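Here the sequence shown stands for residues 399 to 599, numbered as in our numbering.
The beta-carbon is built from N, C-alpha and C at its ideal position, and this holds for glycine as well.
Bear in mind that the values here come from a model prediction, so they are computed numbers and not experimental data.
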Amino acid sequence: MAYTLTDQTLSERLWPATGSALRFKQAVLIVLGVMALAIAAKIKFPIPPSPVPVTMGTFAVLTIGAAYGPRLGLATIIGYMAIGALGFDVFASSSAEKNGLTYMMGGTGGYLVGYVLATLALGFAARRGMDRSVLGMGAAMIVGNVLIYVPGILWLAHLYTWEKPILEWGLTPFIIGDIMKLALAALLLPAVWKLVGKARG
C-alpha cells in the first residue's frame, strides 16, 4: 500500500523503497529497532528524588512506534518480545539468571503488554501526522504512556492485590523521568521532520 506525503511515517519518508528493496528495508529497520530497544532498556540514570533509576526503554518504544508506523512498529516490538522470551537479556531489569517467559510473566509483564499497545498507538498517530508538531507528538506520547501504565499497574494489582502500594511501586517513581522523555520525544521527531522537509525542498 502506497501512502501520500501527508500520511507517511518518518521511516518511509527518509528511506523510500518498493518491491524487494522494501522488504530488505523493513528487515533492516526491524533489526535496528530491536537493537535500539534492547540498548535503551539498559540505559539507566538517577532522577532525584525518585528512588528508581530511569531507563530509556519507553522512550525507544514510543519513538520507534512513531517513526516506523503501526505495522512495522508492531513487527519490531513483537520481534523484541520474542527475543526476550527466548531468554536473551534485553529487558530493563532482566539478567542472565532472570529472563525469558518467567521474567516476562512477573511484575513487568503488564508493562510489556503496554509496550505493544503504545507502539500501535504512536504508529497510528504518526499516520495522522501528529509526529510532525510538538503539540501533536506530545499528545500522542501522553496517550502512549497511559497505554503502558494501565496494563502495567493492573497486572501488578493482579499479582499482589490492591492492598499493596501498587501506585507507589509502579507509577509514581517514574513520573518525573517519563515527563522528561516525553518532552524529548515531542521535540525530537518534529525537528527531524523539519530537517527532512528542508532537505527535500
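Query: Scan the segment 425-466 and note each continuous alpha helix (DSSP H) run of 4 residues or more that stays entirely inside, going in chain order.; Result: 455-466
Query: For Tyr501 and Thr407, I'd like the C-alpha separation in whole angstroms.; Result: 33 Å
Query: Please say whether Ala438 and Gly455 have beta carbons closer to each other than 8 Å?; Result: yes
Query: From the DSSP output, in three-state form, read off Glu410 for me.; Result: helix
Query: Can you give me the C-alpha to C-alpha distance between Leu587 and Thr474, rounded to a whole angstrom?; Result: 19 Å
Query: Where are the alpha helix (DSSP H) runs, 4 residues long or more, that stay fully inside the segment 511-571, in chain order?; Result: 532-558, 564-568
Query: For Ser471, which option in Gly542, Gly431, Gly507 has the closest C-alpha, if you only look at C-alpha atoms?; Result: Note that residue 471 is Gly in the sequence shown here, rather than Ser. Checking every option, the nearest Cα to that of Gly471 belongs to Gly431.
Query: In three-state DSSP terms, what is Lys496?; Result: coil
Query: Quick check: what's the CA-CA separation for Lys496 versus Gly417?; Result: 41 Å
Query: Alpha carbons only, please: which of Phe489, Asp405, Lys442, Ala436 is nearest the one belonging to Pro451?; Result: Lys442
Query: What would DSSP say about Phe486, mapped onto helix, strand or coil?; Result: coil
Query: For Asp405, count the other beta carbons within 10 Å of its own beta carbon; 16 or more makes it buried, fewer makes it exposed. Which is it?; Result: exposed
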